[in-house]
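Down below is the structure, laid out as structure tokens.
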């Protein structure tokens, strides 16, 4: 019987950073999701440094009902985050160059404050391996 070889490896050509966003206290989920997708995403993508350095930018908009069901089914705490941004680049340095660029600090950083609370948000970074799929 043929058994496929399982040989996972980290991708040396890609690096990801994920930011889990906690909403501002006076923002509804609908306001958060709509603004982040339609306004903030467009603003972020308008920066030349973003287009130059990132190979991918994705937004995950959490579904409150599904997350309630999931936390119940998994007997786990419900996450306080309403969104996750995933930044992908060829290196960690390229992502940091975006996040520390004067245009990002001047334009994007203040726009985030309209919908999210940075003090309650979290960021993780690392290499990744694709175990299944492309």
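In our numbering, the protein residues as written are 3 to 136.
The beta carbon of each residue, even a glycine, is placed where N, CA and C say it ideally should be.
If you're wondering where the values come from, they're calculated on a predicted model, not measured in any experiment.
(1) Using beta-carbon positions only, say whether residue 34 and residue 107 come within less than 8 Å of one another.
(2) Where do the N-terminal and C-terminal ends of the beta strand (DSSP E) with residue 125 fall, by residue?
(3) Check each candidate in 105, 23, 61 and 84 and name the one with the smallest Cα separation from residue 39.
(4) Give me the DSSP bridge partner(s) of residue 63.
(5) Among the residues of its own chain, which have a CB less than 6 Å from the CB of residue 29, if the five just before and after it don't count?
(6) Would you list, in sequence order, the uninterrupted alpha helix (DSSP H) runs of no fewer than 4 residues that lie entirely inside the region 9–56?
Looking at the atomic coordinates:
(1) Position 32 of the chain shown, counting from 1, holds the residue named residue 34. Position 105 of the chain shown, counting from 1, holds the residue named residue 107. Their beta carbons are not under 8 Å apart, which means residue 34 does not touch residue 107 by this criterion.
(2) On the chain shown, position 123 is the one that residue 125 refers to. 124–128 is the extent of the beta strand (DSSP E) around residue 125.
(3) Against the chain shown, residue 39 aligns to sequence position 37. Each of 105, 23, 61 and 84 was checked against the Cα of residue 39, and the nearest Cα belongs to 61.
(4) By one-based count along the chain shown, residue 63 stands at place 61. Bridge partners of residue 63: 85.
(5) Here residue 29 refers to the residue found at position 27 of the chain shown. Within the same chain, residue 29 has close Cβ partners 117.
(6) 31–37, 43–47 and 50–55
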